[in-house]
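Protein chains: 2
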Amino acid sequence: MGTEKNRDIRLKSRPVGLPTRSDFELVETDIPSPGLGQVLVRNLFMSVDPYMRGRMMDRKSYVPPFQIGEVLQGGAVGKVVASNNGPFQVGDTVMSFSGWREWYVSDGSDMMQKVDATVAPIQSYLGALGMPGLTAYVGLTRIGELKDEERVFVSAASGAVGAIACQIAKNKGCRVVGSAGSDEKCAYLTDELHIDQAINYRTCGNLSLALSDVMQSGIDVYFDNVGGGHLTAALDNMRQFGRIVACGMIENYNATEPPKGPHNLMNIVGQSLTMRGFIVSNHYDLMERFRQDMSAWIAAGKMTWRETVYDGIEHAPDALIALFHGLNFGKMLVKLGEA
Amino acid sequence: MGTEKNRDIRLKSRPVGLPTRSDFELVETDIPSPGLGQVLVRNLFMSVDPYMRGRMMDRKSYVPPFQIGEVLQGGAVGKVVASNNGPFQVGDTVMSFSGWREWYVSDGSDMMQKVDATVAPIQSYLGALGMPGLTAYVGLTRIGELKDEERVFVSAASGAVGAIACQIAKNKGCRVVGSAGSDEKCAYLTDELHIDQAINYRTCGNLSLALSDVMQSGIDVYFDNVGGGHLTAALDNMRQFGRIVACGMIENYNATEPPKGPHNLMNIVGQSLTMRGFIVSNHYDLMERFRQDMSAWIAAGKMTWRETVYDGIEHAPDALIALFHGLNFGKMLVKLGEA
């Protein structure tokens, strides 16, 4: 390791509205030395996810907010470089929540876990085989109680979670409509993910009418990553006893004023709908079943995904900002080092 | 019956905003004669309920809209006066959806059913022992999955549904907070229904803060009859895995512009909430269990209610309008005749 240094990204100020580069600080430190029972890990990829924006606000939430001056956190995969901890060996690939830094030490008590690097590229554990994939799986199967051949609408359908949700629903024989923010993404949804219809929400005009055009018999399950106008449009088109999986509301994350709620929430009563939110970390009991199903789908050629990769930890804030402009195509990652 | 006439109320025009008397028409007709297999019923009480406002709009809904010029519909109890239908005998008390008229004939296929006039005053079958009671019961037990000793918030808590919901929750050992629109109603809630705290939403200032003052550990189940500001305030105070029973949104029923939705719907994700709507008519399978439980609670002195009674069918439109001004205290009824 010689004269090499560790670099991490810290929260410098709480963003107001869209985060800017000046809200973040790149700090150089020494590479830590693993103590007794610890391993030293070099991160190779880190994950950038919309939910991180929420943790930058100082408010009561299901996870504590990031603190000013502290290193940010998030999913990462890396390699064990030195080990004083028996179960972890040099060369092991590990997944952790110690992203936003190039190197770290761990005693393994922080949910760091070994992953099988032979199933798929290791960064897949931050996407299709990781939290976003599990989020899609939990959301559709447990929260949305999706049944075979139902009618499904997925927003942000080419994103890390949405693309997996689309394919899980297709693999269950559902009719699937997805929304995305460009014609290129829409073409990807129909041509490569083989969903039934894609709607470019930026150019379609009235989204509620666009939805009713392509889902004339209505929506059984709406997988909501967006909130706002997408939620309103879906509420207009839900079938009786339909379910809304409240996974995220990216449209609101950078709002500087209280966002408008849907004017048609009364449809929840009229159509006997269920809208249910969830946090994937409360559903890790499904992880093993998820990994089995996903591995089988991948092996059968029934699951594909895209990644947008920024190179170098110094670009991690740019990657996060780009996410809120919809500049990612699929899973947003930052490459932190070479295997 | 001699020269007596039948009177009914018809929809003259679709209300815009709050209904006015001129939206209704009182029409006099002959008392119908029961044909083969039919009974003639004289209505004694009819029900006036907030949901009726929705049926006055011309829109797709779970029940077809009322048509201009046609007699309105709604719950009623009456007495069989003549019968050509074996199972129904002269003197039987019957419940039906043939309200808004003084007399009607039926062959029994329209959900008309005999009720036991010895359990409670017959008009109770339009309130505690009828649809409003069943609505409270279904909402709390099936939709809200209420568990003993949970923390419950009920809006419009002195209304026909709310008052029953409060007492069911108290009978299950829950801590119950209710909201109402006058100090007199609030005193009734604590002194006669024995709920733990009542909030006068008109005078409490910020409802969200008022709620957090009296429910410091948060809400497990919110029984929502109001929507609007009540829903927003409840969303601010829900506990993780809490349930919102979407029963009605009376605050929106007379809106002439699209109502504002709650700005904090993202709490559904953050707190893993479930918001579920329902229509009581999809849950009649619980009717028998409900009647057993209610009869037992009534017999044990654990269930009480109030009624506001307008006298004479000509005042039925006034009763409906008064409901939207909160002028009822408990169940709103119109007396149509003497037993």
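Respectively, the protein sequence lines represent chains D and S.
When we follow the numbering used here, the leftmost residue of the first sequence carries the number 15, and every step to the right adds one.
When we follow the numbering used here, the leftmost residue of the second sequence carries the number 15, and every step to the right adds one.
Heads up, the beta-carbon is just placed ideally off N, CA and C, and yes, glycines get one too.
Cβ of residue i within 9 angstroms of Cβ of residue j?
i, j, result
"D/I258", "D/Y236", "yes"
"S/I209", "S/V190", "yes"
"D/I293", "S/V283", "yes"
"S/A142", "S/A131", "no"
"S/V119", "S/K93", "no"
"S/G9", "S/R320", "No statement about residue 9 of chain S is possible, as the shown extent of chain S runs from 15 to 353 and does not include it."
"S/T318", "S/E206", "yes"
"D/F338", "D/P64", "yes"
"S/I23", "S/V85", "yes"
"D/N278", "S/G291", "no"
"S/P276", "S/L249", "yes"
"D/A247", "D/S231", "no"
"D/G242", "D/I213", "no"
"S/Y202", "S/I178", "no"
"D/S110", "D/Q127", "yes"
"D/K13", "D/F38", "There is simply no residue 13 of chain D to check, as chain D begins at 15 and stops at 353 in what is shown."
By DSSP, does residue i sit in helix, in strand, or in coil?
i, result
"D/L334", "helix"
"D/R216", "coil"
"S/I258", "strand"
"S/R253", "strand"
"D/R21", "strand"
"S/D325", "strand"
"S/V168", "strand"
"D/L50", "coil"
"S/Q103", "coil"
"D/I233", "strand"
"D/Q306", "helix"
"S/E42", "strand"
"D/W117", "strand"
"D/M263", "coil"
"S/G351", "coil"
"S/V30", "coil"
"S/K184", "helix"
"S/L223", "helix"
"S/R189", "strand"
"S/M109", "strand"
"S/L58", "strand"
"S/M145", "helix"
"S/M346", "strand"
"S/Q285", "coil"
Measure how close the beta-carbons of residue i and residue j come, nearest whole angstrom, since I'm counting them as under 8 angstroms.
i, j, result
"D/V53", "D/A90", "D/V53 to D/A90, Cβ: 14 angstroms. No contact."
"D/N251", "D/L225", "5 angstroms"
"D/Y267", "D/H244", "Contact doesn't hold; Cβ gap of about 14 angstroms is too wide."
"S/V158", "S/S169", "Per the sequence presented here, residue 158 of chain S reads as Gly, with Val not at that position. About 13 angstroms; that fails the 8 angstroms criterion."
"S/L347", "S/L140", "6 angstroms"
"S/C188", "S/R165", "7 angstroms"
"S/L350", "S/L58", "6 angstroms"
"D/R69", "D/F80", "5 angstroms"
Buried or exposed for residue i, please, with buried defined as at least 16 other CB atoms from any protein chain shown within 10 angstroms of its CB.
i, result
"D/M15", "Because D/M15 sits at a pLDDT of 48, beneath the cut-off of 50, its placement in the model cannot be relied upon, and the point is left open."
"S/A330", "buried"
"S/G315", "exposed"
"D/N342", "buried"
"D/Y324", "buried"
"D/H298", "Sequence check: residue 298 of chain D is Tyr here, not His. The residue in question, D/Y298, is exposed, as its Cβ has fewer than 16 Cβ neighbours within 10 Å."
"S/G51", "exposed"
"S/T34", "exposed"
"S/T270", "exposed"
"S/S61", "buried"
"D/Q306", "exposed"
"S/D227", "exposed"
"S/V108", "buried"
"D/S112", "buried"
"S/F255", "exposed"
"S/G100", "exposed"
(Q) Can you pull out the residues from the segment 283-312 of chain D whose beta carbon lies closer than 8 angstroms to at least one beta carbon of chain S? (A) V283, G284, Q285, S286, L287, T288, M289, R290, G291, F292, I293 and N296
Q: Pull out every residue of the segment 249-277 of chain D whose Cβ sits closer than 8 angstroms to any Cβ of chain S, in chain order.
A: The segment 249-277 of chain D vs chain S, Cβ under 8 angstroms: Q254, A260, C261, G262, M263, N266, P272, P273, K274, G275, P276 and H277.
Q | Selection of the segment 27-52 of chain S by Cβ proximity to chain B, strictly under 8 angstroms | A | Going by chain labels, chain B is absent from the structure shown, which instead holds the protein chains D and S.
(Q) Taking beta-carbon pairs under 8 angstroms, can you tell me which members of the segment 215-242 of chain S lie near chain D? (A) G241
Q. For the segment 66-89 of chain D, which residues have a beta carbon sitting closer than 8 angstroms to at least one beta carbon of chain S?
A. G68, S75 and Y76
Q.
Under 9 angstroms, CB to CB, which of the residues in the segment 196-210 of chain S have a partner in chain D?
A. none
Q) Just by C-beta distance, which residues in the segment 313-330 of chain S are closer than 8 angstroms to chain D? A) Cβ contacts with chain D: none found.
Q.
Give me the subset of the segment 139-155 of chain D whose CB atoms are less than 7 angstroms from a CB atom of chain S, sorted by chain position.
A. none
Q | Contacting positions in the segment 155-183 of chain D - beta carbon closer than 7 angstroms to chain S | A | none
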